[in-house]
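Once you know that position 315 of the sequence shown is 315 in the UniProt record's numbering, the rest is easy, because the numbers rise by one and skip nothing. For reference, the structure discussed in these notes is given below.
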Amino acid sequence: MVLRLCREVDELSTLLLGNPEVLAQLLLSKNRKTIAYSVGVANKLHDDIISKFDLCSEDRVCYVRITVSDKYVLRVLTVRDVIVATSKEVGEKVEVAGLKAFEELENALKGDNVIKVVIEEIGVENLGAELVNRLRDCYSKAVKDFIAIWMNKGVYGYTVDSVLSDKGAYMYVFKARNTAMGTQHVLKIVREDVALTGRYMDYLRGYAQAFLALSVMQKDLEMLLSVRGLNERLAERLVKFRKNIVLPMAIIVPNNGASITKYITSPPAVVEEYGSLGDLESYVKEGRRVSYEEGMYIFYHITGAVALTHSVAIPHLDIKPRNIILFGDSAEPFGYTVKINDFSGSLNIPGRGWELRRITPAYADPLAIITGFGDYDYDVYSIAMTIIYTLTSSIPKHRLYLNTLLLNNLYNLGLPLPPLSEEEQDLRIFAEKVSETIASHSREKLREVLQKMSSDVAKLDEKYIATPLRDIPKNIMLILFKGLSLKKEDRYRDAIELYVDLGKALQGAFKWL
């Protein structure tokens, strides 16, 4: 069990444990029972004490009183796994409270002191509605203890201003400020469960790949394109798309072993430039209607950036609106620059392709889902799906169904399927056919069979893609559908081919080209 800390732990500690009247009101509750009583060496009781916190119900608090070597007393109030208040008392005087007392608690439980521990469950009826509501709010917004420490003390010379995301599978993402210079950045810290395995380089590799793509010079690009039989003059255009890749300003790989204590003080991390307008998914979800021209602006620049990375043999393999960041820029036609972020860092397995480390069902190439390996054309598929989402604010349901069924049947993921209305009988029939096809073919044959089903998918493309995009020029629609083709030989092989065709189709259409 990993404890979390209330973001208001300092204030609530003073209010609840530093105020004798409020503490007395709490301790006088009639709804009070002892959960555990222990005496022993602190570091041997640590795990047992922490596990007891989860025994308290959410509508009550856990009150913990720890006497350390008869020298001082630590008091802790928790709501389930969230520490809402803590204090250290010497004699009858509160010496420290809040985060500082929490650090004393951590040190005490790691030591070899003899401690006496009493854990009680106490009702909160005497605290008043306002304070009870604050406790509930504290519980709902709590962060893990080490996140609270980073937010309070900073890390690597950065002051953490806010949590942008603590739900990701691999990283915590913070808005942070360089303490010395005052500049805004994104600070990404590898999650503790990933960092402590020692395999976090699998997740930092993608940032190194982005840095490599940003470092390529035009002469090097000319040589690489020439080796692939492509026009060297293309390098002059592609190198300009370096501005459309998010810059990793630091990749921090600590050499300090794997322990939670070392993780708190020096975690594996990445520092990036900060995109003030957030990601493309949020931009679309906020209700902004993306016009055809704005959609093409995004399409052109993201394709150019990915074409640049493909030129230096780096596929992204997780392109989606959430990984496209908008940087405010008044010099650009729509007030921002789009930049691609979060390269997957996949490794190339000779003869098979790049191993898929992350799969986002709505944007993944179904042919690659079957094998578990992707190639440059995986990114082409993802770009096309991203642009369709950007222009329509929705994911084509039939293609999402296809990928979800593949993932559930081949990998036993148990992902939920979007509900179907009575008007979507065609999609219901399609889903049944896909399920039967998966069940009746081996994985080796399934890819071949799925390519033969491309006509079934094409019929639904008319309803779920072509109809919502009926005002888009035909040549652009042809490019999108070529990017989505389930026949591998018909799809663009990489983003370079896609960029060349898109550039021709848009030539002279907009002033920003």
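Idealized CB from N, CA, C, for every residue including glycine. Every value quoted in this text rests on a predicted model; they were computed, and no experiment measured them.
Residue from the options whose Cα sits closest to the Cα of residue i
i	options	result
Pro254	Leu247, Asp461 and Ile264	Ile264
residue 515	Val61, Gly229 and Ala235	This structure gives no information on residue 515, because the portion of the chain shown stretches from 1 to 513.
Glu125	Leu28, Lys52 and Arg199	Leu28
Ala176	Gly275, Gly414, Arg75 and Ser13	Gly275
Arg322	Asn348, Ser282 and Ser344	Ser282
Ala169	Leu367, Thr179, Arg191 and Asn152	Arg191
Tyr72	Ile115, Arg289, Met453 and Ala269	Ile115
Leu83	Thr371, Ala42, Glu89 and Arg136	Per the sequence shown, residue 83 should be read as Ile rather than Leu. Of Thr371, Ala42, Glu89 and Arg136, the residue nearest in Cα terms is Arg136.
Leu105	Arg65, Glu92 and Val132	Arg65
Leu502	Ile476, Lys487, Lys511 and Leu486	Ile476
Val216	Val239, Asp202 and Tyr200	Val239
Gly304	Lys93, Val500 and Ala458	Val500
Leu17	Lys88, Cys6 and Asp47	Lys88
Lys452	Asp490, Ala364 and Tyr156	Asp490
Val173	Met181, Ser162 and Leu277	Ser162
Lys285	Thr183, Leu196, Thr392 and Ile252	Thr392
Glu436	Ala148, Val449, Glu444 and Glu130	Val449
7 Å CB neighbourhood of residue i in its chain, flanking five on each side removed
i	result
Phe211	Pro248
Ala213	Ile245, Leu308, Thr309, Val312 and Ile314
Ile465	Ile388 and Pro396
Arg352	Phe373
Leu420	Leu427 and Arg428
Asp318	Asp342, Ser344, Arg358 and Thr360
Under the three-state DSSP convention, the category residue i falls into
i	result
Trp354	strand
Val290	coil
Lys71	coil
Val312	coil
Glu120	strand
residue 548	Outside the displayed range of the chain (1 to 513) lies residue 548, so it cannot be described from this structure.
Phe343	coil
Cys138	helix
Gly328	strand
Tyr37	strand
Asn113	coil
Arg447	helix
Arg60	strand
Glu272	strand
Lys240	helix
Ile302	helix
Ile319	coil
Thr360	coil
Leu3	coil
Leu77	strand
Asn126	coil
Asn231	coil
Contact set for residue i: own chain, Cβ-Cβ below 8 Å, skip 5 residues either direction
i	result
Cys56	Ile35, Cys62, Thr78, Val79, Arg80 and Glu121
Leu280	Ile298, Pro321, Arg322, Ile324, Ile325, Leu326, Val338, Thr386 and Thr390
Asp471	Tyr292
residue 531	Since the first residue shown for the chain is 1 and the last is 513, residue 531 is missing from the structure and cannot be characterised.
Residue range of the beta strand (DSSP E) that includes residue i
i	result
Asp161	Tyr158 to Ser165
Tyr376	No beta strand (DSSP E) holds Tyr376; the alpha helix (DSSP H) holding it covers Tyr376 to Thr392.
Ala42	Unbroken run through Ala42 is the alpha helix (DSSP H), Ala42 to Lys52; no beta strand (DSSP E).
Glu95	Lys93 to Ala97
Ala176	Met171 to Asn178
Lys459	Here Lys459 belongs to no beta strand (DSSP E); instead the alpha helix (DSSP H) covers Ser454 to Asp461.
Arg187	The amino acid at residue 187 is misidentified as Arg; the sequence shows Leu. Leu187 -> beta strand (DSSP E) spans Gln184 to Val190.
Unbroken alpha helix (DSSP H) run spanning residue i, endpoints
i	result
Ile370	Pro366 to Thr371
Gly206	Met201 to Ser215
Leu280	Leu280 to Lys285
Val84	Counting along the chain, Val84 falls outside any alpha helix (DSSP H), though it belongs to the beta strand (DSSP E) covering Val82 to Val90.
Leu224	Gln218 to Val227
Ile149	Asp145 to Lys153
Lys511	Segment: none, Lys511 is in no alpha helix (DSSP H) and carries neither H nor E.
Lys397	Lys397 to Tyr411
Glu21	Pro20 to Leu27
Lys14	Per the sequence shown, the amino acid found at residue 14 is Thr instead of Lys. Here the alpha helix (DSSP H) through Thr14 covers Val9 to Leu16.
Short CB-CB distance (under 7 Å) between residue i and chain B
i	result
Tyr200	In summary, chain B is missing from the structure at hand, where a single protein chain is found.
Contact set for residue i: own chain, Cβ-Cβ below 6 Å, skip 5 residues either direction
i	result
Ile189	Tyr172, Pro267 and Ala269
### Query
Which ranges does the alpha helix (DSSP H) cover as unbroken runs of at least 4 residues, wholly within the stretch 243–270, from first to last along the chain?
260–265
### Message
Restricting to runs no shorter than 4 residues, where is the alpha helix (DSSP H) found entirely within the stretch 468–507?
### Response
474–484 and 495–506
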